[in-house]
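**Student:** Residue numbers (the working numbering), protein chains in the order written: chain A, 14 to 256; chain B, 157 to 493; chain C, 17 to 307. The beta carbon of each residue, even a glycine, is placed where N, CA and C say it ideally should be. The model shown is predicted, which means the values in this text are computed figures rather than measured ones.
(1) Would you mind telling me which residues of chain B sit closer than 7 Å to residue 277(C), beta carbon to beta carbon, in chain order?
(2) Identify which residue in 460(B), 241(B) and 342(B) has its Cα closest to the Cα of residue 396(B).
(3) For residue 176(A) and residue 353(B), I'd like the C-alpha separation in whole angstroms.
(4) Residue ranges of each alpha helix (DSSP H) run of no fewer than 4 residues wholly in the stretch 166-240 of chain B, ordered along the chain?
(5) When the Cα atoms are used, what is the spatial distance from residue 118(C) to residue 216(B)?
(6) If you compare alpha carbons, which of 211(B), 261(B), 364(B) and 220(B) is closest to residue 335(B)?
(7) Is it true that the stretch 118-130 of chain C meets the stretch 459-474 of chain B, where meeting means three or more beta-carbon pairs spaced less than 8 Å apart?
(8) Could you round the C-beta distance between residue 212(A) and residue 56(A) to whole angstroms and report it? I think they count as a contact, below 8 Å.
(9) Using alpha carbons as the reference points, say which of 105(C), 217(C) and 35(C) lies closest to residue 82(C).
(10) State the start and end residues of the unbroken alpha helix (DSSP H) segment that holds residue 274(B).
(11) Could you tell me which whole alpha helix (DSSP H) segments of length 4 or greater appear in the stretch 142-226 of chain A?
(12) Hey, quick one: how far does the alpha helix (DSSP H) through residue 454(B) stretch, first residue to last?
(13) Between residue 169(A) and chain B, is any beta-carbon pair separated by less than 8 Å?
(14) At a cut of 8 Å, does the stretch 334-350 of chain B reach the stretch 223-238 of chain B through at least three beta carbon pairs?
(15) Counting only beta-carbon atoms, is residue 374(B) nearer than 8 Å to chain A?
(16) Between residue 307(B) and chain C, is the shortest Cβ-Cβ distance under 8 Å, so that the two count as touching?
(17) Beta carbons nearer than 8 Å to chain A: which residues of the stretch 351-372 of chain B have them?
(18) Could you spell out where the beta strand (DSSP E) holding residue 32(A) opens and where it closes?
(19) Pull up the distance between the alpha-carbon of residue 93(A) and that of residue 369(B), whole angstroms please.
(20) Rounding to the nearest angstrom, what Cα-Cα distance links residue 244(B) and residue 266(B) in this structure?
(21) Can you confirm whether residue 89(A), when its beta carbon is compared against all beta carbons of chain B, has any partner nearer than 8 Å?
(22) Pick from 400(B), 327(B) and 185(B): whose alpha carbon is nearest that of residue 315(B)?
(23) Between residue 238(C) and residue 53(C), which are expected to be in contact by the criterion C-beta below 8 Å, what is the C-beta distance as a whole number of angstroms?
(24) Measure from the C-beta of residue 303(C) to each C-beta in chain B and report whether the shortest distance is under 8 Å.
(25) What residue range does the alpha helix (DSSP H) around residue 107(A) cover?
(26) In the DSSP output, which residue or residues are listed as bridge partners for residue 402(B)?
(27) Return the residues of the stretch 78-103 of chain A that lie within a Cβ-Cβ distance of less than 9 Å from chain E, sorted by chain order.
(28) Anything in the stretch 432-445 of chain B with a Cβ closer than 9 Å to a Cβ of chain C? List those residues in chain order, please.
(29) Going along chain B, which residues have a C-beta under 7 Å from residue 178(C)?
(30) Specify the secondary structure class of residue 20(A) as computed by DSSP and reduced to three states.
(31) Would you kindly report the start and end of the unbroken alpha helix (DSSP H) that includes residue 264(C)?
(32) I believe residue 55(C) touches residue 43(C) by the beta-carbon criterion, under 8 Å. Please report the beta-carbon distance rounded to the nearest angstrom.
(33) Could you check what DSSP says for residue 94(A) in three-state terms: helix, strand or coil?
(34) With a threshold of 8 Å between beta-carbons, can residue 420(B) be considered close to chain C, or not?
(35) Taking beta-carbon pairs under 9 Å, can you tell me which members of the stretch 39-69 of chain A lie near chain B?
(36) With a threshold of 8 Å between beta carbons, is residue 250(C) in contact with chain B?
See below:
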């Protein structure tokens with residue numbers, strides 16, 4: 014069963030067609046990699062799915078429900094989380110506060126609830142512990158190292174228990190040791206039932222981690238399947254080497 | 157440990173019982189002031205100082221927490237002032253304590269105005285927002301001037317006032333009304349700061365798109381903060397109108413009132429609870445004194461401008477955060493040695 | 017009908033002056049991402065400088081520009097270096113406050129030196145008029161318009177035909193990238209601020225001949241100028257010019273068709289309507305940083 018279903022999605026920026034009738038699906042409980050040469054529209058697909066930019070045409074379904082047209086906050090509330098390239102966190106909030114910002118289906122009462130939110134704080138500390146940065150819980154986001162920010166961003170997105178998480182270059186700018194930790198965290202979360210769709214340029218990372226790979230070229234999905242099969246697909250080689 | 161995840165906690169000077177005693181002392185001093193120093197010249201300064209504590213605190217809920225700088229909050233001040241004034245005139249309210257009951261209605265009117273202004277102004281991001289709020293303030297000023305049949309236009313609007321209150325007592329009811337509103341503002345600000353809503357506002361200040369990505373309904377949050385802030389300012393404007401008894405469009409929809417609350421919040425420390433209070437207590441008496449002594453020559457504007465520039469260039473983060481940092485550093489040093 | 021056409025013609029002529037003042041403002045925003053709330057006060061300062069020369073040396077107001085424009089350019093460069101450059105964090109918000117403070121300081125100083133009584137610059141072309149197609153048009157509006165066209169033309173020449181203009185436009189497009197290709201962004205910013213302030217001097221003269229003014233006049237002026245650049249789209253020169261013309265024509269037509277007291281109000285109404293449909297203004301680019 015597929016959790017996310019994208020069909021004939023199209024987006025133009027002026028005269029440039031960034032995403033051109035792209036169709037792909039993400040299987041429930043999979044780790045799916047979205048790869049393709051630079052400028053093939055990967056990040057634009059992310060921005061379309063998460064509601065950051067409006068689509069021109071096409072459909073996006075999450076658990077069979079159409080979500081295109083909803084705002085990013087609503088889409089997060091439905092259970093789709095995302096991270097950004099270069100790790101974005103709130104620099105003037107502490108790591109722990111960063112963890113407490115995510116809101117899921119916040120009713121008025123939850124929003125105005127006052128005090129320490131003991132339960133949420135415990136969960137936040139657990140998550141920080143899980144990604145092994147609990148010791149910096151009281152540090153301002155802006156004072157964290159790049160690696161710590163990457164981990165914090167991942168942990169914070171998980172706070173609202175999303176079913177699908179889109180990761181934009183989780184391996185970007187990360188040293189090999191940290192890379193290993195990040196893939197381990199993703200695998201563990203995946204075993205707990207979280208589905209991942211990730212954009213990544215580091216091929217060995219993708220091939221090791223992903224169950225499924227979708228190749229994007231000039232705004233279209235040109236191939237998909239098991240990593241090994243995709244790697245040997247001649248159309249993919251053409252796309253990467255240039256036609 | 158109490159609230160160790162809020163970074164502002166580190167900026168509070170003093171802890172536990174000491175802080176409680178300090179706050180209690182301040183509260184008693186504020187309550188007893190009209191009895192200790194009853195002469196009208198002093199209580200007049202007190203009324204305006206407490207008024208600005210309320211205004212700066214209310215402004216801070218929007219400007220400090222979300223980072224959206226409104227330079228047009230005088231629009232809500234003036235709207236509340238005219239709202240109360242017109243109600244008193246048209247509903248034939250007997251002057252005395254009854255008009256104070258209508259102050260929340262003036263706040264409600266300002267809140268409604270803020271829904272409209274916010275709906276439009278908050279479609280834009282920070283830089284444009286500043287300008288749009290200024291534009292709206294001038295729009296309100298023009299409306300008050302042009303709708304002569306309703307507002308009395310540039311000739312101003314006279315409010316009924318109580319003949320029973322005289323001498324040393326005249327300022328007292330207004331002082332307590334302003335004090336009540338300032339305390340209300342501080343309470344609301346404190347509540348928001350510790351709520352999920354407040355954390356969302358701070359997240360918007362830091363990175364609005366990221367906040368959206370983790371489910372913060374940014375538009376609703378910004379608008380709510382804007383409306384709460386405007387309601388408080390509108391109520392204060394209402395009490396102000398009743399206090400001065402005669403209001404003119406250019407003196408309630410006054411850009412200087414709008415900028416003063418901003419400067420006070422900045423001087424004390426943006427986004428802190430005590431910052432706006434400290435800013436108002438330091439600046440407003442000085443401003444009144446200078447306006448009184450140098451008013452005719454307009455030199456007080458130069459003084460004001462100089463203070464402003466010094467604050468921003470030397471203390472861009474404000475007194476409270478800078479002082480707290482200094483204190484923390486010293487504490488850290490003693491721990492190390 | 018003739019009245020409306022006459023009002024429209026007048027709107028275009030005065031619109032030129034506002035286009036000049038607003039283009040200085042939008043240029044400063046484009047290069048530095050700061051809003052110079054002091055632009056209105058600087059226009060008034062320019063008008064008073066001309067007034068001072070006019071009063072003591074009996075110079076023709078338009079001729080005083082030869083002195084006041086370089087003076088104001090220098091002042092702008094100094095202001096940028098002393099007050100804008102030190103702002104490192106939160107520049108957008110802090111710069112608004114700094115320039116607001118400068119406006120208050122200028123207002124106070126002018127009030128001290130010149131008192132708050134209204135004054136006006138006088139010249140023969142202020143009242144003399146000529147007739148075209150039955151309209152009477154005062155020379156000052158035509159001179160002012162021509163002056164503004166000349167200065168705007170010079171500005172566009174500098175922007176599009178000189179290497180400095182290239183550096184300036186590069187800075188407007190992307191500050192960091194400009195720095196990477198070797199543009200001295202600090203220097204470009206200071207000069208751009210100087211140019212912006214110099215346009216205020218030119219605008220000030222024409223404003224001072226066509227209006228009576230006092231030190232407090234800058235509030236009215238800045239609220240109009242800010243409205244114009246938001247309507248045109250922040251940072252867009254073309255937008256500022258077109259918005260200025262739209263605004264002033266509408267204002268002058270409203271003044272004859274409805275009533276002068278509502279003229280300025282309509283100005284703001286246009287802004288509100290445009291913002292509802294195009295929050296980024298007529299020629300602005302929608303900003304959504306870094307997604």
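**Tutor:** So, to answer that:
(1) Simply 302.
(2) Residue 396(B) has its Cα closest to that of 241(B), out of 460(B), 241(B) and 342(B).
(3) If you draw a straight line from the Cα of residue 176(A) to the Cα of residue 353(B), it comes to about 24 Å.
(4) Listed in chain order, the complete alpha helix (DSSP H) runs (minimum 4 residues) inside the stretch 166-240 of chain B are 172-192 and 196-222.
(5) Using only the alpha carbons, I get a separation of about 23 Å.
(6) Closest option to residue 335(B), judged by alpha-carbon separation, among 211(B), 261(B), 364(B) and 220(B): 211(B).
(7) Here the stretch 118-130 of chain C lies against the stretch 459-474 of chain B, with 3 or more beta-carbon pairs under 8 Å apart.
(8) About 6 Å; that satisfies the 8 Å criterion.
(9) Nearest option by C-alpha distance: 217(C).
(10) Element bounds for residue 274(B): 259-277.
(11) Entirely contained in the stretch 142-226 of chain A, the alpha helix (DSSP H) runs reaching 4 residues are, in chain order, 159-170, 189-204 and 216-222.
(12) For residue 454(B), there is no enclosing alpha helix (DSSP H), as DSSP marks it with neither H nor E.
(13) Among the residues facing chain B, residue 169(A) is included, as its CB has a counterpart in that chain under 8 Å away.
(14) Taking a cut-off of 8 Å for Cβ pairs, the stretch 334-350 of chain B and the stretch 223-238 of chain B do not touch, as fewer than three such pairs fall below it.
(15) By this cut-off, residue 374(B) is an interface position.
(16) Nearest CB-CB separation between residue 307(B) and chain C: not below the 8 Å threshold.
(17) Answer set for the stretch 351-372 of chain B: 351, 352, 353, 355, 356, 358, 359, 361, 362, 363, 365, 366, 367, 368, 369, 370, 371 and 372.
(18) Element bounds for residue 32(A): 29-40.
(19) Taking the straight line from one Cα to the other gives about 9 Å.
(20) Between the alpha carbons of residue 244(B) and residue 266(B) lies a gap of roughly 16 Å.
(21) Among the CB atoms of chain B, one or more fall inside 8 Å of the CB of residue 89(A).
(22) Answer by Cα proximity: 400(B).
(23) Confirmed, Cβ separation roughly 6 Å.
(24) Only weak support is given to the placement of residue 303(C): the predicted model assigns it a pLDDT of 48, under 50, and the value that follows is read from those uncertain coordinates. Output row for residue 303(C): interface = yes.
(25) Unbroken run through residue 107(A): none, as it is neither H nor E.
(26) In the DSSP assignment, the residues bridged to residue 402(B) are 314(B).
(27) The structure shown contains no chain E; the protein chains it does contain are A, B and C.
(28) Cβ contacts with chain C: none found.
(29) Ordered by position in chain B, no residue passes the 7 Å Cβ test against residue 178(C), which lies about 28 Å from the chain.
(30) It is a strand residue.
(31) For residue 264(C), the enclosing alpha helix (DSSP H) has its first and last residue at 253-273.
(32) At roughly 11 Å, the Cβ-Cβ gap does not stay under 8 Å, so residue 55(C) and residue 43(C) are not in contact.
(33) Assignment of residue 94(A) by DSSP, reduced to helix, strand and coil, places it in the strand class.
(34) Chain C, which has no Cβ nearer than 8 Å to the Cβ of residue 420(B), makes this no.
(35) Residues 63, 64 and 65.
(36) Yes - at least one Cβ of chain B is within 8 Å of the one on residue 250(C).
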